[in-house]
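Take a look at the structure set out below.
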Amino acid sequence: MSESSMIAVPPEPVSPKPVFPKPVSPNRSGQLVVFTGPSGVGKGTLLRSLLPHPQLHLSVSATTRSPRSGEVEGQDYYFVSRSVFQDWVAGAQLLEWAEYAGNYYGTPRQPVVEQLEQGKTVILEIELEGARQVRQTFPDALQVFVLPPSVAILEQRLRGRSQDSPESILKRLARAEVEIAAAKEFDVQIVNDSLDQAIVALKTVLLNPNPPNDPANNPEDQQQDDRDSQTDPQTDPDPL
Ligand code: ADP
Ligand code: 5GP
Numbered sequence: 001m002s003e004s005s006m007i008a009v010p011p012e013p014v015s016p017k018p019v020f021p022k023p024v025s026p027n028r029s030g031q032l033v034v035f036t037g038p039s040g041v042g043k044g045t046l047l048r049s050l051l052p053h054p055q056l057h058l059s060v061s062a063t064t065r066s067p068r069s070g071e072v073e074g075q076d077y078y079f080v081s082r083s084v085f086q087d088w089v090a091g092a093q094l095l096e097w098a099e100y101a102g103n104y105y106g107t108p109r110q111p112v113v114e115q116l117e118q119g120k121t122v123i124l125e126i127e128l129e130g131a132r133q134v135r136q137t138f139p140d141a142l143q144v145f146v147l148p149p150s151v152a153i154l155e156q157r158l159r160g161r162s163q164d165s166p167e168s169i170l171k172r173l174a175r176a177e178v179e180i181a182a183a184k185e186f187d188v189q190i191v192n193d194s195l196d197q198a199i200v201a202l203k204t205v206l207l208n209p210n211p212p213n214d215p216a217n218n219p220e221d222q223q224q225d226d227r228d229s230q231t232d233p234q235t236d237p238d239p240l
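Reminder that position 76 of the sequence shown reads as 76 in my numbering, one-by-one numbering, no gaps.
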């Protein structure tokens with residue numbers, strides 16, 4: 001049995017439903033978005049298709065992994081030593097951090113706070129453990145998960161990218177099993193099969209101009225939402 005055939009089949013694809021961004025807090029006018037999915041699913045490809053955009057800011061993470069060819073310091077990552085990373089953790093300079101495939105990754109706090117104060121939608125492209133930390137510390141953050149059409153296709157994409165060692169690819173595929181199993185913890189799931197369709201779905205989620213209760217958001221679900229709110233007034237604890 002190959003490594004990938006042991007990995008669980010992704011959950012039923014869920015159609016991306018337009019979601020009106022939830023505010024992070026009364027004194028921060030911007031919206032924090034967590035963007036997670038297994039390595040190789042296409043997170044970077046999707047984000048590159050939307051950026052630069054005047055409303056969106058992509059957080060630049062710190063990592064202890066070595067730069068891939070073509071990666072630029074301060075643009076793709078801040079590439080730091082383990083001791084610098086540990087100093088940043090000790091100084092509470094990271095909003096979240098995690099160890100992934102043998103390296104540390106973390107989000108520098110200050111730029112995120114500044115961009116939120118400027119009213120931007122700030123995107124954290126981070127793995128599952130970091131996403132869970134943000135869910136605790138910023139419960140209003142919108143959590144988006146990107147799924148592959150299948151694990152076999154995920155493996156093809158990881159190998160086709162030709163950027164990671166065979167050992168690192170195996171670690172990433174093993175981690176993908178755990179991450180895919182957690183997809184339903186997230187507010188929105190997007191399946192990156194057709195790239196064009198996934199881009200449209202992501203744009204809808206990040207740049208949805210419709211007000212929260214506008215039936216234009218999703219006419220079919222709206223009727224169901226109305227029924228739900230009659231039976232359970234707690235369904236929308238965070239109205240705008
Ligand atoms: P991630 O940032 O999630 O690790 P990447 O954006 O680097 O993933 O994408 C991994 C590989 O998959 C890249 O070679 C990319 O060109 C390819 N890819 C991304 N999305 C699609 C798609 N919808 N269909 C086919 N290939 C894709
Ligand atoms: P890569 O080495 O492929 O660039 O990234 C490996 C994984 O680390 C990806 O799942 C990516 O989303 C995640 N990652 C990147 N930056 C951060 C970060 O700041 N924090 C956490 N927790 N994960 C990150």
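Ideal Cβ positions, reconstructed from N, Cα and C, are used throughout, including at glycine. Just so it is clear, the structure is predicted and the values come from calculations on it, not from any experiment.
Complete runs of the beta strand (DSSP E) confined to the segment 96-174 [at least 3 residues]: 103-108, 121-125, 142-147
What does the Cβ neighbour count give for residue 92, buried or exposed, with the cut at 16 atoms within 10 Å? exposed
Check each candidate in 146, 170, 102, 192 and name the one with the smallest Cα separation from residue 37. 146
Is the distance from the Cβ of residue 123 to the Cβ of residue 56 below 8 Å? The answer is yes: Cβ separation under 8 Å.
On a CA-only basis, which of 105, 58, 185, 69 is nearest residue 139? Give me that one, please. 185
Just to check, is the beta-carbon of residue 157 closer than 7 Å to a non-hydrogen atom of ligand 1? yes
With hydrogens ignored, establish whether the beta-carbon of residue 68 is closer than 7 Å to any heavy atom of ligand 4. The ligand content of the structure shown is limited to ligand 1 and ligand 2, which means ligand 4 is not among them.
With 16 as the cutoff for other CB atoms within 10 Å, does residue 26 come out buried or exposed? With a pLDDT of 47 at residue 26, under the threshold of 50, the predicted position of this residue should be treated as unreliable, and no value is reported.
Is residue 75 helix, strand or coil when you go by DSSP? coil
Measuring straight from C-alpha to C-alpha, what distance separates residue 196 and residue 43? 13 Å
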